[in-house]
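Residue 1 is where the sequence shown starts when you use UniProt numbering, and the numbers rise one by one after that. So the structure is just underneath, and the comments pick up after that.
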Amino acid sequence: MPRQTRDNQPAAEAADRLVRQVDDELGVVRGRTRMSMSYEDGCRTRMSAAGATAKMDKTAGLCGDNQIVPSKGSTSTDFDFDGLPTRAAGVVQQPQQSAVDARASVSGRVRRRSREDGRDSRPAVVRAQGPDGRGDANAGRALLRGLQGFPGELPGRRRRQPVPRRPRPDRLPSHRVQPPGHARGHDRPGQPAPPPPAPVPRHAPPGRLAGPDRVDPHALRPPGLTDAHTMMCGSCSNENAFKAAFIWYQTRKRGGRPPSPEDMDSCMANRAPGTPDLAVLSFNGAFHGRLLGCMSATHSKAIHKVDIPAFDWPSVDFPRTTYPLDGHAAENAEEEARCLDLAERAIADSHASPDRPDVAAVIVEPIQAEGGDNHASHDFFRKLRDVASRRGVAFIVDEVQTGGGSTGTFWAHERWGLEDPPDIVTFSKKMQTGGYYARPEFRPAEGYRIFNTWMGDPSKMVQLQAFLDTVEEDGLLENTRITGEYLLSGLEELQENRPDTFSRARGVGTYCAVDLPTQETRDRLVTSLRGRGVECAGCGDVTLRLRPALIFRPRHAAEFLDILEHAARQL
1 MPRQTRDNQP
11 AAEAADRLVR
21 QVDDELGVVR
31 GRTRMSMSYE
41 DGCRTRMSAA
51 GATAKMDKTA
61 GLCGDNQIVP
71 SKGSTSTDFD
81 FDGLPTRAAG
91 VVQQPQQSAV
101 DARASVSGRV
111 RRRSREDGRD
121 SRPAVVRAQG
131 PDGRGDANAG
141 RALLRGLQGF
151 PGELPGRRRR
161 QPVPRRPRPD
171 RLPSHRVQPP
181 GHARGHDRPG
191 QPAPPPPAPV
201 PRHAPPGRLA
211 GPDRVDPHAL
221 RPPGLTDAHT
231 MMCGSCSNEN
241 AFKAAFIWYQ
251 TRKRGGRPPS
261 PEDMDSCMAN
271 RAPGTPDLAV
281 LSFNGAFHGR
291 LLGCMSATHS
301 KAIHKVDIPA
311 FDWPSVDFPR
321 TTYPLDGHAA
331 ENAEEEARCL
341 DLAERAIADS
351 HASPDRPDVA
361 AVIVEPIQAE
371 GGDNHASHDF
381 FRKLRDVASR
391 RGVAFIVDEV
401 QTGGGSTGTF
411 WAHERWGLED
421 PPDIVTFSKK
431 MQTGGYYARP
441 EFRPAEGYRI
451 FNTWMGDPSK
461 MVQLQAFLDT
471 VEEDGLLENT
481 RITGEYLLSG
491 LEELQENRPD
501 TFSRARGVGT
511 YCAVDLPTQE
521 TRDRLVTSLR
531 GRGVECAGCG
541 DVTLRLRPAL
551 IFRPRHAAEF
561 LDILEHAARQ
571 L
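In structure tokens form, the structure reads like this:
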């Protein structure tokens, strides 16, 4: 591009306008001044003049305006502009003036990234200096007028006018209670608070993404559970459910009174009475997460637990039932009674022995997933609920994997027919976020005792609402029930035709599984199926588990069963 000179009037006028804007808006009051300006995305400006330095850094999409905060100590004037379309380098001399004897030194380099040659791009860097090497604000005028190739407008697709700053309204839920007429950034009682921020832009079709005003966190709460607590994942959902149960248990022991000063002091040293010796009863084969408390209640895979300290919490056998359940009711009832007796004795012994931690809660999965897709009858869970109530411990149902519709009902425990609902139900995975529902008595009286960074994330609630709308509009629960019956009947047919390969076919909805003779055989089948385009996995020792999406339909099940049969022949 031809070299441009000071005679380039459009560039000179643009430089003058920018300098006047800086001179007018950048004033120094006791060394610090605040100024709001708005530039196109990607434009960075550093300014310092009259004994003040200022810096602005705007990145695309992060804020609506920029704040320049000058401070004393620097007298250089720097302007950086990304994306200028020219390459410039030169020196401009400023004539002597009555008040300032300044000489302006201009150096600028602009490299433009070219799609054709792939060269790097760097911002133009311009510095103005006086005769003593120190910066001079007035030199900036000559400096900018002489800048080669300075554009008539700032780079970008459009120009935006400076945006005045205003008090920032609340953007996230707050646990702070404020008087009427007050909001964060609003300190005039009796005057209306600033308007709330605009909703987050939508990134999905209107029919699939609800606005925040439609989100109801209680839309799917299980019957009898009034409180919803959102978390980040399944592990922290169970971990905080344990905390809620412990707080409830200790509050009852204190007769409803808050913690005493002795409780508060001793807990800081991890000692009683503030740090009580409590436990959660779980079942062998269970999986409840990968945090310390959750792993102490997890008994499915050794690799998840090895090398990690654990609490000395009790566990008992989960029923080892025969399938189909309704075809072996008598023998299954005997096995379930044995396990229920073990559970009640474990709770009673913990309460009677001073050497054992008190069991404050019992946690159970509707279907033991990681442990091998183990099922029990509805009667077992009803009686387990009775044991928990009789012994005064919390009854926690872990629906992290089963919740969300894959069993044909939104909550798997809905099938049990409980007269007294669970105390706590945890969830995650299909629910787009983690959390738990609980009875109101499990809400701590003191604030911030159950808390984390993302428990107030409204974006997850919007995603959840979109998921719920899709489930309802597309009839996915009914589809899961119909498809699940077809899938399970196909697995049972394969089991009859190939008894040497498949056994113990079971499932509820599309939450199905079947056993193989050995772990090696199961793993070979999983590898073969993946090579044929089927995403599946193993669980337990010898189980092939199936977890299709809610949109999985009978025609998909038929195709899968054909692939499974063909893969089994190749074992």
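Idealized CB from N, CA, C, for every residue including glycine. Every value quoted in this text rests on a predicted model; they were computed, and no experiment measured them.
Backbone CA spacing between Leu564 and Leu544 [nearest angstrom]
Each residue's Cα considered, the two are about 11 Å apart.
Return the chain-ordered ranges of every beta strand (DSSP E) run that is complete within the stretch 339-423 and spans a minimum of 3 residues.
As summarised for the stretch 339-423, the continuous beta strand (DSSP E) elements at least 3 residues long and confined to that stretch are 358-364, 394-398, given in chain order.
Close Cβ partners of Val362 (< 8 Å) along its chain, the five nearest in sequence each way excluded
Hits under 8 Å: Val280, Leu281, Ser282, Ala343, Ile347, Leu384, Val387, Ala388, Val393, Ala394, Phe395, Ile396.
Report all residues from its chain with a CB closer than 7 Å to the CB of Arg290; omit the five preceding and five following residues, and keep chain order.
Excluding positions up to five away in sequence, the list reads Ser235, His304.
Fully enclosed by the stretch 485-559, which beta strand (DSSP E) runs are 3 residues long or longer?
The qualifying runs are 503-508, 511-515, 537-539, 543-546.
From Gly507 to Leu488, what does the alpha carbon distance come to, in whole angstroms?
Going by C-alpha positions, Gly507 is about 6 Å away from Leu488.
For Ser374, I'd like the list of residues in its chain whose CB is within less than 8 Å of its CB, leaving aside the five on either flank, ordered along the chain.
The question names Ser, but residue 374 is Asn in the sequence shown. Taking C-beta separations shorter than 8 Å and ignoring five residues to either side along the sequence, the partners of Asn374 in its chain run Gly285, Phe318, Pro319, Arg320, Thr321, Ile367, Gln368, Gly540, following chain order.
Quick one: using the 10 Å Cβ neighbour count with 16 as the cut-off for buried, is Asn497 buried or exposed?
With fewer than 16 other Cβ atoms within 10 Å, it is exposed.
Out of His378, His413, Leu525, Thr402, state which residue places its alpha-carbon closest to the alpha-carbon of Ala333.
In this structure, His378 is the residue among His378, His413, Leu525, Thr402 with its C-alpha nearest to the C-alpha of Ala333.
Contact between the stretch 479-486 and the stretch 400-408 (3+ Cβ pairs under 8 Å)
Here the stretch 479-486 makes contact with the stretch 400-408; the two share three or more CB pairs at distances below 8 Å.
Quick one: grab the DSSP three-state call for Met231.
It is a strand residue.
Tell me whether the beta-carbon of Gly456 lies closer than 7 Å to the beta-carbon of Met232.
In this structure, Met232 does not lie closer than 7 Å to Gly456 by Cβ.
Would Ala245 and Ala329 qualify as a contact pair, given that the criterion is a beta-carbon distance under 7 Å?
With respect to Ala329, Ala245 sits apart: the two C-beta atoms are not nearer than 7 Å.
CB-CB length for Leu464 against Met431, believed under 8 Å
The beta-carbon distance between Leu464 and Met431, rounded to whole angstroms, is 6 Å. This is short enough to meet the 8 Å contact definition.
Among Gly256, Met264, Arg443, nearest to Phe242 - alpha-carbon criterion
Closest by alpha carbon: Arg443.
Three-state class that DSSP yields for Gly434 in the structure shown:
DSSP places Gly434 in strand when its eight states are reduced to three.
Closest by C-alpha distance to Pro354, when choosing among Gly475, Thr521, Pro276, Leu225:
Closest option to Pro354, Cα to Cα, is Pro276.
Would you decide whether Phe427 is buried or exposed? Buried here means 16 or more other CB atoms lie within 10 Å of its CB.
When all chains shown are included, Phe427 counts as buried.
Close Cβ partners of Thr521 (< 7 Å) along its chain, the five nearest in sequence each way excluded
If the five residues before and after Thr521 are omitted, its C-beta is found closer than 7 Å to the C-beta atoms of Leu571, all from its own chain and listed in chain order.
What's the call for Thr527, buried or exposed, on a 16-neighbour Cβ count within 10 Å?
Per the 10 Å Cβ criterion, exposed.
Let me know if Leu292 comes out buried or exposed under the rule of 16 or more other beta-carbons within 10 Å of its beta-carbon.
Here Leu292 is exposed, its C-beta having fewer than 16 other C-beta atoms within 10 Å.
Measuring CA to CA, which of Arg390, Val514, Pro309, Asp523 is closest to Leu561?
When only C-alpha atoms are compared, the closest one is Val514.
I'd like to confirm the pairing. Which residues does DSSP put opposite Val425 in its beta bridges?
Answer is Val397, Tyr437.
In its own chain, which residues sit with a C-beta less than 8 Å from the C-beta of Asp227, not counting the 5 before and 5 after it?
Tyr437, Ala438, Arg439, Pro440, Phe442, Arg443, listed in sequence order.
Per DSSP, Leu278 forms a beta bridge with which residues?
Within the DSSP secondary-structure output, Leu278 pairs in a beta bridge with Asp358.
Report whether the distance from the Cβ of Ser350 to the nearest heavy atom of the ligand FMN is below 6 Å.
With respect to the ligand FMN, the structure offers nothing, as it holds no ligand at all.
Assuming Ala272 is part of the alpha helix (DSSP H), what are its boundary residues?
Here Ala272 belongs to no alpha helix (DSSP H), and DSSP marks it neither H nor E.
Taking C-alpha atoms, which residue in Ala445, Ala549, Asp420 lies nearest to Gly224?
Per the Cα distances, Asp420.
For Glu365, tell me which candidate among Arg555, Ala376, Pro357, Asp358 has the shortest Cα-Cα distance.
Answer by Cα proximity: Ala376.
Can you look up Val306 in the DSSP assignment and give me helix, strand or coil?
When secondary structure is reduced to three states using DSSP, Val306 falls in the coil class, being assigned neither helix nor strand.
Just to confirm, is the Cβ distance from Glu411 to Phe381 under 7 Å?
The sequence shown places Trp at residue 411, not Glu. It is not a contact, given that the beta carbons lie outside the stated cut-off.
What is the C-beta distance between Val316 and Cys339, in whole angstroms, given that I count them as a contact (C-beta under 8 Å)?
About 6 Å; that satisfies the 8 Å criterion.
Would Tyr448 be called buried (16 or more neighbouring beta carbons within 10 Å of its own) or exposed?
It is exposed - the Cβ of Tyr448 has fewer than 16 other Cβ atoms within 10 Å.
Taking 7 Å as the limit between beta carbons, can you name the residues of its chain near Leu325, skipping five residues before and five after?
Counting only Cβ-Cβ distances below 7 Å, and skipping sequence neighbours, we find Asn332, His375, Ser377.
Terminal residues of the alpha helix (DSSP H) in which Phe467 lies
Residues 458-473.
Compute the beta-carbon to beta-carbon distance between His288 and Asp398, rounded to the nearest angstrom, for a pair I have assumed lies under 8 Å.
The Cβ separation is near 6 Å, so the contact holds.
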